[in-house]
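Numbering (this note's numbering), first residue to last: 1 to 91. The C-beta atom is built at its ideal place from N, Cα and C for all residues, glycine as well. Everything numeric in this text was worked out from a predicted model, so none of it was measured. Note sheet for the following structure.
Dropping the structure here:
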């Protein structure tokens, strides 16, 4: 997950028909767990091409550890833009 301009996004690594991404696409609601905290969220697939480029950069800046580089290189490819979800939550 990454934050860009105060908004929260995630990309699905798996392009499976059964994944968190397809569940959110179909239902539009779910939960995110952060440590002991569970946050109810709504979500929708992102279609903004410029924002996808900013998300690519956010992934590159956040995940700089050597063991993550192969995943960052993959998930920032244009084909993964179609697997980007924006999350909405109440604070």
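Positions of the beta strand (DSSP E) runs, each at least 3 residues long and wholly inside the segment 2 to 52, are given as 2 to 4, 7 to 11, 29 to 34, 37 to 45 in order along the chain. Partner residues in the beta bridge of residue 84, as assigned by DSSP, are 11. Within the same chain, 46, 81, 84 come within 7 Å of residue 52 by CB-CB distance, once the 5 residues on both sides are set aside. Rounded to whole angstroms, the gap between the alpha carbons of residue 78 and residue 9 is 16 Å. Rounded to whole angstroms, residue 63 and residue 4 show a C-alpha spacing of 14 Å.
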